[in-house]
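Just so you know, the sequences run in chain order A and B.
Under the numbering used here, the first residue of the first sequence is numbered 7, with each subsequent residue one higher.
Under the numbering used here, the first residue of the second sequence is numbered 51, with each subsequent residue one higher.
We put the CB at the ideal spot given by N, CA and C, even for glycine.
In this text the structure is predicted, and so the values were computed from the model without any measurement.
Written out below as structure tokens is the structure these notes cover.
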Amino acid sequence: MSEITPSQTVGPFFAYGLTPKGRCEWDPNGSYSWKNTVESNLVTPDVSGTRIHIEGTVRDGDGLPINDCMIEIWQADAQGRYASPGANRALPNTKFKGFGRSATDKQGVYAFDTIKPGSVAGPGGKPQAPHIVVCIFSRGMLRQIYTRLYFDDEPANASDPILNIVPADRRGTLIAHKQPGADHHYRFDIRVQGGDETVFFDI
Amino acid sequence: MSLIYPKASLDAYPKHLSPGYKSTIKRSPSKPLMIVPHTLSELTGPVYGHDAIQENDNDLTKQHKGEPLGERIVVHGHVLDEDKRPVPNALVELWQANACGRYVHIVDQHPAPLDPNFTGAGRTVTDANGYYKFITVKPGAYPWGNHHNAWRPNHIHFSVFGHSFLSRLVTQMYFPGDYLFPYDPIFNSVPDEKARARMISTFDLENTVPDWALAFRFDIVLRGREATPLDNDEH
């Protein structure tokens, strides 16, 4: 019999506690007085790999931007290693944690600066295409929802064991698109509900 | 440590769509969530050490020049996994309204006074026994726009990290005996009465500090239980 503590919504007022210096523009002075524990810029001086920028808009069932949303991301380093004791691997790039948090701004836009992750092992040792685990919290969400971000310039997507479980006509919602004109900028919009709803995972 | 994350445990959670809480209507997925295996990407997660916090981050009464108004309280407990084993070095963050039921957040326009000596945000890291402790003031109840005469019960928001990204939990801690429980759609979005009770702190006379502060105990149980060798093979 499981006795976990139930989830409750993050509510509308998390910014001064969880993302005090984030993209939240809710403070008249530009930021609340506290330091961030978790940044939207994951890049550390010692990290190796291709630096990338990820940006997108989060929208609700009416297509309206969700301006009080918090996105968290978890990813491996460029060599495909997680900075976690559970990964049972030597820690890479000592300071690169691979974890980030971004509040959406008044236009519902979040953004991260990070490095492109490498391939990590999947079920049965089969390699997974480079991807980032994305977790979404918001007022109106009583529990977090998980999705994944893949990259449109990765041939490995075709054989990714998770992507291949997703019906082909919805797979596109998990793909970040490289933006023309900017180096290594990717767009990844999230639609919480509706016809073009992002694929979320029951995990 | 090798853990598994039984999905049956999630039955304790609210449904994504809980129409009594109106904001869920347009912010809940309408298509079935896809069942996929847990991979290394889900079974790992960030770990924060004591360098993530500073002195007085866990004492919300000492973050300004003066002391905040309100009823001073100690909120403490253990962060545990599903086997009731402690989760050490877990980052615990909280935020709350002040004693009058007002958040410092700019969007909160409830006509109750702000307290210049209270921000209402704290953070700490659990010790080797999974223990955490905050000192704060009891937050007030406040009205919200969900329905006519809607009021939130007194609560403190908690954000907790566990052994993996699947253990991640954002919840709310309530106070025992709150008369607003029957009317709150967020509290009642948790379908099972026993599960709801796990969000309610207990009054803790033993740790109440004489002549200084009442204590409330709030243990937090995260997803994850010990793996059997058979389960391990699936990873």
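Find the residues of chain A that neighbour residue i, judging by a C-beta separation of less than 9 Å, and give them in chain order.
i	result
A62/B	S8, E9, I10, T11, P12, S13
G95/B	W80, Y88, S90, G92, F105
D158/B	P18, F19
Show which residues of chain A have a CB atom less than 7 Å away from the CB atom of residue i.
i	result
K81/B	E203
Return no unless some Cβ of chain C is closer than 8 Å to the Cβ of residue i.
i	result
Y71/B	The structure shown contains no chain C; its protein chains are A and B.
Just checking: is the beta-carbon of residue i within a distance shorter than 8 Å of some beta-carbon in chain A?
i	result
P87/B	yes
V240/B	yes
E143/B	yes
P203/B	no
V220/B	yes
F225/B	no
Does chain B have any CB closer than 8 Å to the CB of residue i?
i	result
V140/A	no
V16/A	yes
V49/A	no
P136/A	no
R177/A	no
N149/A	Correcting the residue type first, residue 149/A is Arg in the shown sequence and not Asn. Yes - at least one Cβ of chain B is within 8 Å of the one on R149/A.
Pick out whichever of the options has its Cα sitting closest to the Cα of residue i.
i	options	result
N204/B	S214/B, Y192/B, Y153/B, T111/B	Y192/B
Y181/B	V137/B, G195/B, A162/B	V137/B
L93/B	V129/B, P56/B, Y233/B	P56/B
V64/A	G146/A, F157/A, G86/A, F194/A	F194/A
V172/A	H183/A, G187/A, Y156/A, E160/A	Y156/A
R145/A	K65/B, L60/B, R77/B	R77/B
H128/B	V259/B, R248/B, H160/B, N167/B	R248/B
G104/A	F118/A, D111/A, T110/A, K112/A	F118/A
S91/B	F143/A, P129/A, I77/A	P129/A
P64/B	G190/B, L255/B, E243/B, P260/B	E243/B
P163/B	V157/B, E105/B, I156/B, N148/B	N148/B
H126/B	G151/B, K183/B, R152/B, P96/B	K183/B
D109/B	F268/B, G195/B, V187/B, H207/B	V187/B
I123/B	I185/B, Q222/B, Y229/B	I185/B
Between which residues of its own chain and residue i is the CB-CB distance below 6 Å, once the five residues before and five after are set aside?
i	result
S68/B	T74, S239
N257/B	A265
V143/B	Sequence check: residue 143/B is Glu here, not Val. The residues are R173, S209.
S286/B	Beyond the ends of chain B as shown, which are 51 and 285, falls residue 286/B; an answer cannot be given.
A245/B	A62
T179/A	T204, V205
I250/B	Y224, P226
P167/A	G128, P129, K132
C141/A	E78, Q150, Y152
For residue i, which residues in chain B fall below 9 Å Cβ to Cβ?
i	result
S125/A	Here the premise fails: no neighbours, minimum Cβ distance about 11 Å.
D119/A	None at all; the shortest Cβ gap to chain B is about 17 Å.
A115/A	In the sequence on display, residue 115/A carries Val and not Ala. What V115/A touches in chain B: nothing, since even the nearest Cβ is about 17 Å away.
So residue i and residue j are in contact, right, with Cβ under 8 Å, and what is the actual spacing, rounded?
i	j	result
G212/B	A277/B	Not a contact, Cβ separation roughly 15 Å.
E61/A	V115/A	6 Å
R154/A	L24/A	At roughly 22 Å, the Cβ-Cβ gap does not stay under 8 Å, so R154/A and L24/A are not in contact.
W201/B	F20/A	In fact, because the Cβ distance is near 20 Å, the residues do not count as touching under 8 Å.
Who are the near neighbours of residue i in its chain, counting only those whose CB is closer than 8 Å to its CB and skipping five residues on each side?
i	result
H190/A	T56, R57, I58, H59, K122, K184
Give me the chain B residues within the contact set of residue i, using Cβ-Cβ distance strictly less than 7 Å, ordered along the chain.
i	result
I171/A	M84, V86
L180/A	Here the premise fails: no neighbours, minimum Cβ distance about 10 Å.
Y22/A	W145, V154, H155, T169, A171
Please return the same chain residues whose Cβ sits closer than 7 Å to the Cβ of residue i, not counting the five positions on each side in sequence.
i	result
P79/B	H66
V154/B	L164, T169, G170
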